[in-house]
Each structure stands twice: as C-alpha cells, then as structure tokens.
Amino acid sequence: MIRRRGLRRFLRSKLALASAGVLAGFFATALFGPALSPFGPLEQDLENNYAPPSARHLLGTDDLGRDTFSRLVHGARFSLGISGIAVSIGLVVGTFLGLVAAHHGGAVDAAIMRAMDVLLALPGIVLAIAVVALLGPGLTNTIAAVSVFSIPTFARVVRSAALAVRELEFVTACRALGGSDFRVIVFHLLPNCSSPVVVQTSLMLASAILIASGLSFLGLGVQPPYPEWGAMLAKGRELIRVTPVGAVAPGVAITLVVASLGFFGDALKEALEP
Amino acid sequence: MLVVLFGISLLVFSMIHVMPGDPALLAAGMEASPEVVERLRKEWGLDQPLPAQFLRFLSNAVRGELGTSLRTRSPVAEEIAERLPRTVTVAVAAAIVGTLGGIAAGVVAAAFRGRFGDRFIGALSLVLVSMPSYWLGLMLMLVFSLGLGLLPSIGIATPAHYVLPVATLAAVSFGMIARTTRQAVLDVMERDYIDAAFARGLGRMAVLTRHALGNALLPITSVVGLRFGNLLAGTVLVESVFAVPGLGRLMVDAVLARDFPVIQGAILVVASLFVLVNTATDVVYAFVDPRVRIA
Numbered sequence: 001m002i003r004r005r006g007l008r009r010f011l012r013s014k015l016a017l018a019s020a021g022v023l024a025g026f027f028a029t030a031l032f033g034p035a036l037s038p039f040g041p042l043e044q045d046l047e048n049n050y051a052p053p054s055a056r057h058l059l060g061t062d063d064l065g066r067d068t069f070s071r072l073v074h075g076a077r078f079s080l081g082i083s084g085i086a087v088s089i090g091l092v093v094g095t096f097l098g099l100v101a102a103h104h105g106g107a108v109d110a111a112i113m114r115a116m117d118v119l120l121a122l123p124g125i126v127l128a129i130a131v132v133a134l135l136g137p138g139l140t141n142t143i144a145a146v147s148v149f150s151i152p153t154f155a156r157v158v159r160s161a162a163l164a165v166r167e168l169e170f171v172t173a174c175r176a177l178g179g180s181d182f183r184v185i186v187f188h189l190l191p192n193c194s195s196p197v198v199v200q201t202s203l204m205l206a207s208a209i210l211i212a213s214g215l216s217f218l219g220l221g222v223q224p225p226y227p228e229w230g231a232m233l234a235k236g237r238e239l240i241r242v243t244p245v246g247a248v249a250p251g252v253a254i255t256l257v258v259a260s261l262g263f264f265g266d267a268l269k270e271a272l273e274p
Numbered sequence: 001m002l003v004v005l006f007g008i009s010l011l012v013f014s015m016i017h018v019m020p021g022d023p024a025l026l027a028a029g030m031e032a033s034p035e036v037v038e039r040l041r042k043e044w045g046l047d048q049p050l051p052a053q054f055l056r057f058l059s060n061a062v063r064g065e066l067g068t069s070l071r072t073r074s075p076v077a078e079e080i081a082e083r084l085p086r087t088v089t090v091a092v093a094a095a096i097v098g099t100l101g102g103i104a105a106g107v108v109a110a111a112f113r114g115r116f117g118d119r120f121i122g123a124l125s126l127v128l129v130s131m132p133s134y135w136l137g138l139m140l141m142l143v144f145s146l147g148l149g150l151l152p153s154i155g156i157a158t159p160a161h162y163v164l165p166v167a168t169l170a171a172v173s174f175g176m177i178a179r180t181t182r183q184a185v186l187d188v189m190e191r192d193y194i195d196a197a198f199a200r201g202l203g204r205m206a207v208l209t210r211h212a213l214g215n216a217l218l219p220i221t222s223v224v225g226l227r228f229g230n231l232l233a234g235t236v237l238v239e240s241v242f243a244v245p246g247l248g249r250l251m252v253d254a255v256l257a258r259d260f261p262v263i264q265g266a267i268l269v270v271a272s273l274f275v276l277v278n279t280a281t282d283v284v285y286a287f288v289d290p291r292v293r294i295a
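Protein chains in written order, with my numbering: chain A, 1 to 274; chain U, 1 to 295.
Rendered as structure tokens:
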C-alpha cells in the first residue's frame, strides 16, 4: 500500500534508511548469529571468569566465564523473538476486536472499547506485571503479558480507521449489493486500516522490547540462565563493580533497536499518511 | 473515570479467581488441615457467590481495607502506606525536574532552530526516550557513584540517595517534554500575533517566553500529565535498580512470593493514582485553555 511518492520520500530520508539498516542487522543477528557466535550462550569457563574484553572474548566474560558477546548475540533471538511473537498476537487479536467494534457499533462497540479503556488505564509495565502475577514468570508468560499489553492500542487504532471508512460510499454499495458482514469487514474495512496498523506495529515493537526486557530485568520474565537482554542487565547490575561491560552492552543493544524502530515508525508514518 | 476505576477493581478482583488453585489453600499452605482451609474460606467470604464477593471486595477497598499480607502477616494497607511516600517523592521530584528542564530545553531548541543547540537537544532527547529507564539508571550509577564516587548508589539513607533515581526518571520525561515543547513553540511562532509582537519591537527572548510559551502550554500540559502517570509506573523499574524500598519494589517482591493480597493492593493503588492523575490533567487542561471549558 506504500504509494510511490511515499516510498521515494522514505528512501530519501537518511535517518529512515539508517534505522532500517540497523534493524536488518539485528534481525540477521537473531536469525543467523547464534550459529556463528564463537561460544555457546550457556557455555561456562570457570577458569576464565570476569575476563576483560579481549580478542578472544570481545566483551569479556561474566561470573561463570560465559562469553558476553555470544550471550548478546543469542539474546537478540530472545528479545526480538518475544516482542515479534507478542506483537503479532496483539496485532491479530486487537485488529479483530477493533474491526468488530467498528462494524457492529452500539452495545458490542461499547463493551469492547470500555474493556480496552480499562486495560489502557493501567501503565504498560504494571499491566504486564499483573499478567505475570497470574500466570507466573517464564518465556511463554512473558509473551502473553506483552500481547495483552499490545492488544488495546491496536484495537483503538483499527477501530478509528475502520469507523472513518464505514460510512463511505463503496462500503454502503457493498452492503446494498447484499455483501455479508464478513465481506464488508475483510474486503473493505480491513484493507483501509493497513497504513495506521503498519505504523503502529513498528512503534509497538519498540514498546514491546522495553516491556519484555523490563519484566526480565525485574526477574519476572525470561529466567536465568537464558540470555534475554533484560535478564542479562539484571545480572550486569549484580556484577557492575567487577565487570561493568556486562551492564553496558545489553543496554546499548536495546537502545539501538528501540531508537531504530522509533525512527522507522515515524518515517513510515510520513510515507504512508501524507 | 468512575467506569474505568470500577473496571480496574473488577480486573484486580478477578485476578485471584482466574489464577489456578484455591486462594484459601494457597494462603494456609499445603500442609494445612481441611478445617483451617475451610475456616479461611468462610472468613474471606470465598464460599459466597461471586457478585457478593465482589461487592465485599469493593466496599473493603474503598474503606482502605486491603487484606493481610500472606508473607509478613501485616495489613496490606500498612505495607503500602509505608512505601508509597518514597515512590511519590521520587516521582514528584522527577516530574518537577523533568518538566522544568524539558520546557527550558524545548524553548532553547526552538529559539536556535536548525542550529547546533537545536540538533544537540533533539539528539539527546531521542536517545533518552529510547533508553530503557533501568539501564540509564545503571549507567548513571556506574559513572556517578562507582566511577566518580560522587553519589551513593543504592538505598535511601540520605537525601543524596534520591538524586540518581530522580535523575534517571526525570531524564525520560525530559526527552519527551523537550520534543513536545519545541514543536509547540515552533507552531505558535508562525501565528500572526507573534509577528505583531515582533513588530512592536519586542526582543526575541520576550516574544518567546511571554507570547509563544504561554500559548504553547496546551500540548505541553497534556504530555506532562501523561508523563507523570508513566513516572509512577517507571518507578517500578527504577526502584529495583537503586534498591529503593517503594511501592514498585513491593509489587515485584509480592509477585515473586505469590503474595496475592499485596499484589492486588499495590496494583489497585498504582492504577487508581494513574487514573486520578490523568483526570487531573484534563481538569488542568480546562484551566489552561478556556475553549475546552465551553465545549
């Protein structure tokens, strides 16, 4: 759905291209990095613990002699994977709820949107903590928590986009021709929501990474020994006096990804919604 | 607002019923005799129908009766009352610092539009907004307490202990408020009355602060309100970094210990504060902009 002019504008923005490049780099790292990284993420070398950065251990080692660089590379798969899966779930569920609310209106709309208001009334990290409190910590429950966090925003964005086209002539025409609810929703409302949804997905991925790594940092998300970036930072906090590198590196990775997603989302918005 | 508060209490109430396992059994412990569990169930009204239980929960919550902690056996309300002031202190101080700093930086950026000062402030705010707050806290700790030895790192023994947590939280707000202020001021600067002010011979600084900033306050107010709500939530993470025994830390420890009454109480308090602040923002908004009051 990217219009030509929008695409050209997107390609001209150096910042947008740079952030796309950074994101591609991290994505490739998550996909192929684990196979190429010099050490395993859980591989211990107790004689070489607290090693400073060197040619062998680019970012040094932690208290168990695990290679920080390798853990960071494997962590990309955890951190990006968790937010990717969680945002996909939030996208599907939220879009469905938003479309249903916009299409039916009345009591259905009110019920769905009030429920979304309640979820949005809780600050993101608190909502995520509440979900973890119910389900318990762990990888899958972190994904569940982040999905729940992302659903209401998608529902709102999709609903308002769908409401804008609901009364347009081509939708009325479809209805007049006897088009079913399904036909109206899938072939007319859904395609017209795609631009705001694409923009929101990019921004939501950024929030999802912050929430997921925040949960893990608090000890409520991905559990040790797995190298999720937030969990690595929690470890880095403990060892900050001995090997500060461990407390610095994962944060740089998170900041780079989140900032790039932000730039990328803003540029998409410019390109798609002139 | 009342609808949302009602919804939140319903959500918090249902937590204990959605989770797997029997709350009474969980509280009494696995080895407890059936009689003890039965007594607890009666005591908490768990044998009554759900709507009756919810009404009871609601009326207790309104009276500040939040149950007893499973871990410490002391009333949840007391545990929260002990920690809440620390969280609020950090959040309020951070809000003040972040707002004043952010507005000042935003005005400076607008005044030097396109030049070095503007670019520097722009880049700084973007980086601050993208950083996880807890990581920024770790970095500040690394530099100012472990590196330079200027400030204490963890705990709340002296006022100096509050400096780093407040700075960490303020930084995130600073970035957002600076960006909003810059944009708002630049938008206002294009109006006719600004040209008129310049035409009357007023200096650049006078126009910026007296004419532009006043009219730019509207979008700034809404961001400040939004940020303050998020600051309360942000303390959850920052308290963990600096070992501040506040409400956020209480919530996290309660989740780790599966101490449900405390989890429910803490979430209820944080969420209510968040909603109240957002409502207060709307009220302030009406004061700043007379048009909203009429509409």
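Every residue gets a Cβ at the ideal spot worked out from N, C-alpha and C, and that includes glycine.
Remember, predicted model here, so these are calculated numbers, not experimental data.
Please classify residue i as buried or exposed, where buried requires at least 16 neighbouring CB atoms within 10 angstroms.
{"i": "U:Ala295", "result": "Low confidence applies to U:Ala295: its pLDDT is 45, below 50, so where it sits in the model is not reliable, and the reading given next is rough at best. U:Ala295 comes out exposed."}
{"i": "U:Val12", "result": "buried"}
{"i": "U:Pro132", "result": "buried"}
{"i": "U:Thr99", "result": "buried"}
{"i": "U:Pro85", "result": "exposed"}
{"i": "A:Ala107", "result": "exposed"}
{"i": "U:Leu208", "result": "buried"}
{"i": "U:Pro296", "result": "Nothing can be reported for residue 296 of chain U: it is not among the residues displayed for chain U, which extend from 1 to 295."}
{"i": "U:Val107", "result": "buried"}
{"i": "A:Leu168", "result": "exposed"}
{"i": "U:Ala254", "result": "buried"}
Please report the distance separating the alpha-carbon of residue i from that of residue j.
{"i": "A:Thr61", "j": "A:His74", "result": "15 Å"}
{"i": "A:Ala115", "j": "U:Asp192", "result": "44 Å"}
{"i": "A:Ala164", "j": "A:Ser195", "result": "13 Å"}
{"i": "U:Ser9", "j": "A:Thr68", "result": "43 Å"}
{"i": "A:Phe263", "j": "U:Pro51", "result": "48 Å"}
{"i": "A:Pro227", "j": "A:Pro41", "result": "7 Å"}
{"i": "U:Ala94", "j": "U:Leu218", "result": "21 Å"}
{"i": "U:Gln183", "j": "U:Ile96", "result": "20 Å"}
{"i": "U:Leu231", "j": "U:Val223", "result": "12 Å"}
{"i": "A:Ile2", "j": "A:Phe182", "result": "Low confidence applies to A:Ile2: its pLDDT is 49, below 50, so where it sits in the model is not reliable enough to give any reading."}
{"i": "A:Ala20", "j": "A:Ala259", "result": "11 Å"}
{"i": "U:Leu213", "j": "U:Leu138", "result": "35 Å"}
{"i": "U:Ile80", "j": "A:Leu239", "result": "31 Å"}
{"i": "U:Arg83", "j": "U:Leu124", "result": "33 Å"}
{"i": "U:Leu46", "j": "U:Phe54", "result": "10 Å"}
{"i": "U:Arg249", "j": "U:Glu239", "result": "6 Å"}
{"i": "U:Gly155", "j": "U:Val277", "result": "27 Å"}
{"i": "U:Phe198", "j": "U:Met205", "result": "11 Å"}
{"i": "U:Asp118", "j": "A:Leu15", "result": "17 Å"}
{"i": "U:Val284", "j": "U:Ala109", "result": "26 Å"}
With distance defined between alpha-carbon atoms, name the residue in the options nearest to residue i.
{"i": "A:Ala133", "options": "U:Ala257, U:His211, U:Pro132 and U:Ala212", "result": "U:Ala257"}
{"i": "U:Ile16", "options": "U:Gly265, U:Leu218 and U:Thr209", "result": "U:Gly265"}
{"i": "U:Gly229", "options": "U:Asp289, U:Val90 and U:Pro34", "result": "U:Val90"}
{"i": "U:Val76", "options": "U:Leu2, U:Leu66 and U:Glu82", "result": "U:Leu66"}
{"i": "U:Pro261", "options": "U:Val36, U:Lys42, U:Arg71 and U:Glu43", "result": "U:Arg71"}
{"i": "A:Pro225", "options": "A:Thr142, A:Arg71 and A:Ala28", "result": "A:Arg71"}
{"i": "U:Gly234", "options": "U:Glu190, U:Ala280 and U:Val92", "result": "U:Val92"}
{"i": "U:Asp259", "options": "A:Phe78, A:Ala253, A:Leu189 and A:Ala130", "result": "A:Ala130"}
{"i": "A:Gly246", "options": "A:Leu135, A:Pro53, A:Gly25 and A:Ala176", "result": "A:Pro53"}
{"i": "A:Leu205", "options": "A:Pro137, A:Ser180, A:Thr255 and A:Arg237", "result": "A:Thr255"}
{"i": "U:Ser59", "options": "U:Val37, U:Ser33 and U:Phe6", "result": "U:Phe6"}
{"i": "U:Val241", "options": "U:Ala61, U:Leu169 and U:Asp187", "result": "U:Leu169"}
{"i": "A:Asn141", "options": "A:Gly25, A:Gly219 and A:Val157", "result": "A:Gly219"}
Look at residue i and residue j and say whether their C-beta atoms are less than 8 Å apart.
{"i": "A:Leu128", "j": "A:Leu36", "result": "At residue 128 of chain A the sequence reads Ala, which differs from the Leu that was named. Cβ distance not < 8 Å, so A:Ala128 and A:Leu36 don't count as in contact."}
{"i": "A:Val197", "j": "A:Thr95", "result": "yes"}
{"i": "A:Ala111", "j": "A:Ser150", "result": "no"}
{"i": "A:Val222", "j": "A:Ala231", "result": "yes"}
{"i": "U:Ile103", "j": "U:Ile177", "result": "yes"}
{"i": "U:Phe144", "j": "U:Leu150", "result": "yes"}
{"i": "A:Leu261", "j": "A:Ser202", "result": "yes"}
{"i": "A:Leu135", "j": "A:Ala121", "result": "no"}
{"i": "A:Val279", "j": "A:Ile211", "result": "Coverage of chain A is limited to positions 1 through 274, which leaves residue 279 of chain A absent and any answer about it impossible."}
{"i": "A:Ala155", "j": "A:Gly98", "result": "yes"}
Compute the minimum distance between the beta carbon of residue i and the heavy atoms of the ligand NAP, and state whether it is under 7 Å.
{"i": "U:Arg119", "result": "Looking at this structure, you won't find the ligand NAP or any other ligand, since it has none at all."}
Practice prompt. With 7 Å as the limit, tell me which residues of the stretch 255-270 of chain U have their beta carbon closer than that to any beta carbon of chain A; keep them in chain order.
Written response: Residues of the stretch 255-270 of chain U with a C-beta atom less than 7 Å from some C-beta of chain A are Val255, Leu256, Ile263, Ile267 and Val270, listed in chain order.
Fill in: Where the stretch 210-238 of chain U meets chain A: residues whose CB sits under 9 Å from a CB there
Taking 9 Å as the cut-off between beta carbons, the residues of the stretch 210-238 of chain U near chain A are Gly229, Asn230, Leu232, Ala233, Gly234, Val236 and Leu237, in sequence order.
Practice prompt. Please name the residues in the stretch 211-224 of chain A whose beta-carbon is closer than 7 Å to at least one beta-carbon of chain U, in chain order.
Written response: Per Cβ criterion, the list reads Ser213, Gly214, Phe217, Leu218, Gly219 and Leu220.
Item to complete: Compile a chain-ordered list of the residues in the stretch 121-133 of chain U whose CB is closer than 9 Å to at least one CB of chain A.
Response: Within the stretch 121-133 of chain U, the qualifying residues are Leu126, Val127, Val129, Ser130, Met131, Pro132 and Ser133.
Fill in: Contact list for the stretch 103-122 of chain A against chain U, Cβ threshold 7 Å
Contact residues of the stretch 103-122 of chain A toward chain U are Arg114, Asp117, Val118, Ala121 and Leu122 (C-beta to C-beta distance below 7 Å).
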